[in-house]
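Student:
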Amino acid sequence: MSGLSVNAAPAAGSGVTTPELVVLIRDISTVAVIRMAEVVRQAGCRVALVTGPDTPAVQARLAAGFDEVEVVADLGDLPAVTAALHRLAVGQRLSAVLATSDSCVSLAAQAAAAAGLTRTPAEPIVLTRNKFAARQRLRRCGASVPGYALLSGEGQVASVAAQVGLPAVAKPVTGTGSHLVFTVASEAELAAAYQTTVARLAARPLGQLYRQPLADDAGERVDPLRTVLVEAALQGREYCVDLVVRDGEVSQLGLVDKFLLDERFFELGFVSPPFDLPPEREQAIRECVDAAVTALGLDNTVAHVEVIDDPVLGPTIVEVNPGRPGGPGPMTLYSAAGVNTVAELIAVHRGTPGGELPEQVPVPLASMCFYAHGRGRLRAVEGLDQVANHPDVLSVNSSLEPGDLLTDEHEVIVATAVLAGFVDREDLVKTYHELAGSIRLVADRD
Numbered sequence: 023m024s025g026l027s028v029n030a031a032p033a034a035g036s037g038v039t040t041p042e043l044v045v046l047i048r049d050i051s052t053v054a055v056i057r058m059a060e061v062v063r064q065a066g067c068r069v070a071l072v073t074g075p076d077t078p079a080v081q082a083r084l085a086a087g088f089d090e091v092e093v094v095a096d097l098g099d100l101p102a103v104t105a106a107l108h109r110l111a112v113g114q115r116l117s118a119v120l121a122t123s124d125s126c127v128s129l130a131a132q133a134a135a136a137a138g139l140t141r142t143p144a145e146p147i148v149l150t151r152n153k154f155a156a157r158q159r160l161r162r163c164g165a166s167v168p169g170y171a172l173l174s175g176e177g178q179v180a181s182v183a184a185q186v187g188l189p190a191v192a193k194p195v196t197g198t199g200s201h202l203v204f205t206v207a208s209e210a211e212l213a214a215a216y217q218t219t220v221a222r223l224a225a226r227p228l229g230q231l232y233r234q235p236l237a238d239d240a241g242e243r244v245d246p247l248r249t250v251l252v253e254a255a256l257q258g259r260e261y262c263v264d265l266v267v268r269d270g271e272v273s274q275l276g277l278v279d280k281f282l283l284d285e286r287f288f289e290l291g292f293v294s295p296p297f298d299l300p301p302e303r304e305q306a307i308r309e310c311v312d313a314a315v316t317a318l319g320l321d322n323t324v325a326h327v328e329v330i331d332d333p334v335l336g337p338t339i340v341e342v343n344p345g346r347p348g349g350p351g352p353m354t355l356y357s358a359a360g361v362n363t364v365a366e367l368i369a370v371h372r373g374t375p376g377g378e379l380p381e382q383v384p385v386p387l388a389s390m391c392f393y394a395h396g397r398g399r400l401r402a403v404e405g406l407d408q409v410a411n412h413p414d415v416l417s418v419n420s421s422l423e424p425g426d427l428l429t430d431e432h433e434v435i436v437a438t439a440v441l442a443g444f445v446d447r448e449d450l451v452k453t454y455h456e457l458a459g460s461i462r463l464v465a466d467r468d
């Protein structure tokens, strides 16, 4: 695009240093986005934001946290986002375009490519965010995957249930934040899940995510507004790990045990090292992760990978989420162990050196995520002081501010906590429910 300065140094001997710019793409979060901007500044770069419309109070908060802000009417409009990058990069050297949440990862990758940034290949990121295409690619490369099929109409329910088997998990093809994920045990439940999902897919605040056109791994079109991915329900313990891929070399961080999830698939608790995991099982899980990243072609980015060690299939990929580190739970756990995964994301996309990436967390640590319930505009969060005063709690991070939107449609994290000194899984589960019961939200109906 004419006039867009991308990774271009000033002329030799000019005596002029062109400011380096990193642009963040935002959907609905505020606190986490501003914290990410602070990490960009710590790397010595200017930081700008492309965002959709929001309330005047939120827009003012964002304007105070960034050097520049561009508001686009529709965040799913790639040409509009690319044009915003063009305006932001005038007189500056654009070095990275990064998503602030999973829902914008494909958009950020495509916008970066349209702006001429080629260090991080966009195609593998876009493919991997399409959960159906990722399943196709993994199966074609010999990876262990559960049975899966697309459901594009109520008339297909019986055939899809027969093909995949029940119980199953139904989810949007490009979902995020456990948004509209259902466990189904019968054809009637699968039909109801399909009806609910299709009815809600285009609704704000995440509706723009599902309007972006998709193709499967063979190039056939998939309508994300009318299509649901149905997968056979896996059994066994679930793990996750963050990793950095730099010039083809995969570096995994400590393996994390998801010790507590709820019925909505919301991830409540994480611990590393995992409880009672034999070394040979950990090695098998890590080999599964490496093989998946290689098969998907990811490079010069970070990824968060989720695996279930199924008793029949063995370690099986649940999801690979590229272009972003893991959510607040893994992020705070790794941070307590000395690794800033956001800083690693920024460094690998810019092409600058990262930090040390230890494969093991040095001492047992746990992190917990506490979620909002109900709908409305937040006025206050009460009880976090009680959480912080618990003897096992090392730190507490609030994720919300007054005025933030609360919803049951997807994950809204109120706060995270890091813990040490626990005894076992049962001890952590008991502590989680004790701490969660201390938190109270004061909100106005929106």
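Numbering (this note's numbering), first residue to last: 23 to 468.
Just so you know, even glycine gets a beta-carbon here, dropped at the ideal spot from N, CA and C.
Computed from a predicted structure; not experimentally measured.
1) Using 8 Å for Cβ pairs, my map puts V127 next to R157. What's the rounded Cβ distance?
2) When you compare only the Cα positions, how much space is there between R520 and T40?
3) When DSSP labels each residue in this structure, what does L450 get in the three-state scheme?
4) For A30, is the classification buried or exposed, using 16 other Cβ atoms within 10 angstroms of its Cβ as the cut-off for buried?
5) Looking at R159: is its Cβ nearer than 8 Å to the Cβ of L318?
6) State yes or no: is the beta carbon of Y232 nearer than 8 Å to at least one beta carbon in chain B?
7) Starting from F288, follow the alpha helix (DSSP H) in both directions and report where the run begins and ends.
8) State the start and end residues of the unbroken beta strand (DSSP E) segment that holds H201.
9) Between which residues of its own chain and M390 is the CB-CB distance below 6 Å, once the five residues before and five after are set aside?
10) Can you tell me where the beta strand (DSSP E) with A171 in it begins and where it stops?
11) Need the endpoints of the beta strand (DSSP E) that S117 sits in, please.
12) Nearest-angstrom Cα distance between A184 and V334?
13) Measuring only the C-alpha atoms, how far is A358 from V383?
14) Are the Cβ atoms of V329 and Y261 separated by less than 8 Å?
15) How do the region 440 to 450 and the region 408 to 419 stand: do at least 3 beta-carbon pairs fall below 8 Å, yes or no?
16) Classify G25 as buried or exposed, calling it buried when 16 or more other Cβ atoms lie within 10 Å of its own Cβ.
17) Near A237, which residues of its chain fall below 8 Å by C-beta distance, leaving aside the five closest residues on each side in sequence?
18) CB H326 to CB P350, shorter than 8 Å?
19) Less than 8 Å between the C-beta atoms of D466 and G398, yes or no?
20) Within the continuous beta strand (DSSP E) that includes F281, where are the two ends?
21) Tell me the DSSP secondary structure of V329 in three-state form.
22) Would you kindly work out how many angstroms separate the C-alpha atoms of V445 and A121, rounded to a whole number?
23) Measure the alpha-carbon distance for G336 versus V403 and round it to whole angstroms.
24) Please work out which residues of its chain come closer than 7 Å, Cβ to Cβ, to L458, disregarding the five sequence neighbours upstream and downstream, and give them in chain order.
25) Within 10 angstroms of the Cβ of V464, are there 16 or more other Cβ atoms? Answer buried if so, exposed if not.
26) Alpha carbons only, please: which of A254, G396, E448 and P386 is nearest the one belonging to V186?
27) Around the C-beta of N343, are 16 or more other C-beta atoms found within 10 angstroms, so that it is buried, or is it exposed?
28) Between R68 and L43, which are expected to be in contact by the criterion C-beta below 8 Å, what is the C-beta distance as a whole number of angstroms?
29) Within a Cβ cutoff of 6 Å, which residues of the same chain sit near F481, ignoring the five residues on either side of it in sequence?
30) Alpha carbon to alpha carbon, what distance is there between I435 and R462?
31) Cβ atoms of G376 and E366: under 8 Å apart, would you say?
Tutor: In this structure, then:
1) Not quite, the Cβ-Cβ distance comes to about 17 Å (not below 8 Å), so this is no contact.
2) Since the first residue of the chain shown is 23 and the last is 468, residue 520 is not available in this structure.
3) helix
4) Here the model assigns A30 a pLDDT of 44, short of 50, so the residue's position is not dependable and the matter cannot be decided.
5) yes
6) The displayed structure is made up of one protein chain only, and chain B is not part of it.
7) Counting along the chain, F288 falls outside any alpha helix (DSSP H), and DSSP gives it neither H nor E.
8) First-last for H201: undefined, no H or E at that position.
9) G291, A439 and Y454
10) Y170 to L173
11) R115 to A121
12) 19 Å
13) 9 Å
14) yes
15) yes
16) With a pLDDT of 41 at G25, under the threshold of 50, the modelled position of this residue cannot be trusted, and the question is left open.
17) N152, A155, R243 and V244
18) no
19) yes
20) V278 to L283
21) strand
22) 37 Å
23) 42 Å
24) Reading off the sequence, residue 458 comes out as Ala, not Leu. Here the set comprises F392.
25) exposed
26) A254
27) buried
28) 5 Å
29) Nothing about residue 481 can be reported from this structure: the residues present for the chain run from 23 to 468 only.
30) 13 Å
31) yes
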